[in-house]
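Numbering of the sequence shown is given in this note's numbering, commencing with residue -12 and proceeding in unit increments.
We put the CB at the ideal spot given by N, CA and C, even for glycine.
Please read all numbers here as calculations on a predicted model, not as lab measurements.
As structure tokens, the structure follows; a few thoughts come after it.
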Amino acid sequence: MKKSILKKLESKIQGEIFSSKEFREFYSVDASSYKILPKIIVIPKNEKDVINIVKIAKKIRMSVTVRGAGTGLVGGALNSGIILDMKNFNSIKLSKNHVRVETGVMKGELDKKLESKEKFFPPNPSIGSFCSVGGMLGNNSSGSRSLKYGSVIDNVAEITFIDGNGNKITLPNKNKISKEIMKNARNVVETKFPNVSKNSSGYRLDKIKTEKDSHKIIIGAEGTLGIILSAKLIIKNKPKRRVLFIIEYNSIINAAKDCFEIIKTNPSAMEFVDRTTFQHIEYKFDKKSKCLLFVEYDEKTIQNHKKLKNITTGKVLKILESNKEISKWWKYRDSSLHYSLKSIRKENRIPHIIEDAAVPLENLPKVFSILNKINKKYKTKSIVYGHAGNGNVHIRLISKRAKIAIIKKIATEYFDEILKIGGTITAEHGDGLARSEFIKKQYGPKNYQIFKKIKKYFDPDNVLNPGKIITAKSTIIENLENF
């Protein structure tokens, strides 16, 4: 079977094709705890290759899953069929307020190009230069600056992709495709979409207000509706001045409560780290300190300094104004995932499942209460950091290797509580294998039926990354490596 598939691909594809055990093993994992061995890896040379791969896969009923840089935390780019590595799609074309980027471009390369023109692309995942633009589009990535500038979905003007029939499509456009998307968007139950500032769960039909927004259906779709070739990104002028405040708290709940007041001063970023992260920072903190807030402004810095001093109940430790010092301290925050993994012995790590929920900011203190109850009930400990201004908390659970069924119990309980307080199960990391089965619960049966309709419209034979977003199976504990 595999030999005949390889022959078909080799006759139609100009790019590289691999099926050796070493390649299959390499592409069987990402930064998550999952592992799925693919049959074939293709590195397409051009868009004609991508079209031919999809058409062949459709004919032989084999899945096609697109992969960026392999930095995903929920197994979104893992599957058992063909894996497409888009690294040859690496062009960058810069204009005044936009940049057209192919999906294999690494974020670090894009940042360098924009930096030379005093521009920037606002979404800034903490993995930084190591993720690909395609991965950012697929997950609707965000980062610290999304507080002011929005997520990827708010910073893209146009997308070109190949759908599950092998058709090349550019959105937005004035044809029947945009009309079909708009028709479905009008039918959603909007009250079932969480009222949060970041959300990368399901298909974001709530973001589509006119046909000009139709491209947003592809952002955050994790390659289930189309294989993105390129995108026209909206870029901004670099701020002339920034100031970063480091605030120390003896109570995590107090820090969470302060966020609701600080947000009214319009910071460009507001981030949270607990002791696990700040103990790696070269600074003498109070022994009673439990957490830090990083609050940054990139406009009206003097007025905002005064407002902040009157609001915060914590202690302002640092007021940083030089780019060098600001970058240094942001690196500490961006290393939180690294510090959390470094501090947990491998055998005590629970997979990344409940690590990306977001809630309305006024409910942020409740998240910590929910987490405390879970820790007590399941005898776990937790490391917490995240995008406090967005109510988005990243959690790493610690426990001696529990029975695998406990992972699903914890996730179900946590997500139920998050949904009760108006939150989303994932803010910026996507659904993947870890959370797709909870999408119907979040959005309700009517919206989920609309999601299925959208999937059928773009990918009628379920060729593109099956099992993600739309799934009838529970995948949360399937394919976990070393469990």
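- Message: Quick check: residue 30 and residue 75, are their CB atoms within less than 8 Å of each other?
- Response: yes
- When you compare only the Cα positions, how much space is there between residue 42 and residue 151? 8 Å
- Query: Short check: CB of residue 347 to CB of residue 409, under 8 Å?
  - Reply: yes
- Query: Thinking C-alpha only, which one of 349, 432 and 342 is nearest residue 414?
  - Reply: 342
- So which of 283, 248, 334 and 212 has the shortest CA-CA distance to residue 125? 212
- Item | Three or more C-beta pairs below 8 Å linking the segment 137 to 149 and the segment 245 to 265 | no
- Inter-residue spacing [alpha-carbon to alpha-carbon] between residue 306 and residue 293: 12 Å
- Message: Whole angstroms are fine: how far does the CA of residue 22 sit from the CA of residue 286?
- Response: 45 Å
- Report buried or exposed for residue 297, applying the criterion of at least 16 other Cβ atoms within 10 angstroms of its Cβ. exposed
- Message: Check this for me: beta carbons of residue 441 and residue 204, under 8 Å apart or not?
- Response: yes
- Query: Applying the criterion that 16 or more other CB atoms from any shown protein chain within 10 Å of the CB defines a buried residue, is residue 420 buried or exposed?
  - Reply: buried
- Query: Roughly how many angstroms separate the alpha carbons of residue 311 and residue 178, rounded to a whole number?
  - Reply: 44 Å
- Selected residue, minimal CA-CA separation from residue 144, among -6, 323, 218 and 95: 218
- According to DSSP, what are the bridge partners of residue 87? 80 and 219
- Query: Residue ranges of each alpha helix (DSSP H) run of no fewer than 4 residues wholly in the segment -2 to 85, ordered along the chain?
  - Reply: 8 to 13 and 34 to 47
- What do you reckon, are the CB atoms on residue 94 and residue 119 nearer than 8 Å? yes
- Quick one: Cα of residue 105 to Cα of residue 221, how far? 14 Å
- Message: Only counting the same chain, and skipping five residues up and downstream in sequence, which positions put a Cβ closer than 8 Å to that of residue 466?
- Response: 21, 22, 23, 62, 65 and 420
- Item | With 16 other Cβ atoms within 10 Å as the buried cut-off, status of residue 109 | buried
- Item | Straight-line gap, residue 176 to residue 194 (C-alpha atoms, nearest Å) | 13 Å
- Reduced DSSP category for residue 422 - H, G, I as helix; E, B as strand; rest coil: helix
- Item | Closest residue to residue 249 among 273, 289 and 299 (Cα-Cα distance) | 299
- Task: Put residue 446 into one of helix, strand or coil per three-state DSSP.
- Result: coil
- Item | Status (buried if at least 16 other CB within 10 Å, exposed otherwise) for residue 379 | buried
- With contact counted as at least three CB pairs below 8 Å, one residue from each stretch, are the segment 76 to 84 and the segment 41 to 56 in contact? no
- Query: Should residue 328 go down as buried or exposed, given a rule of 16 or more other Cβ atoms within 10 Å for buried?
  - Reply: exposed
- Task: Would you mind reading off the limits of the alpha helix (DSSP H) that contains residue 249?
- Result: 239 to 249
- Message: Between which two residues does the beta strand (DSSP E) holding residue 231 run?
- Response: 230 to 236
- Query: How many angstroms separate the CA atom of residue 321 from the CA atom of residue 112?
  - Reply: 8 Å
- Among all the DSSP beta bridges, which residues are the ones paired with residue 372? 260 and 381
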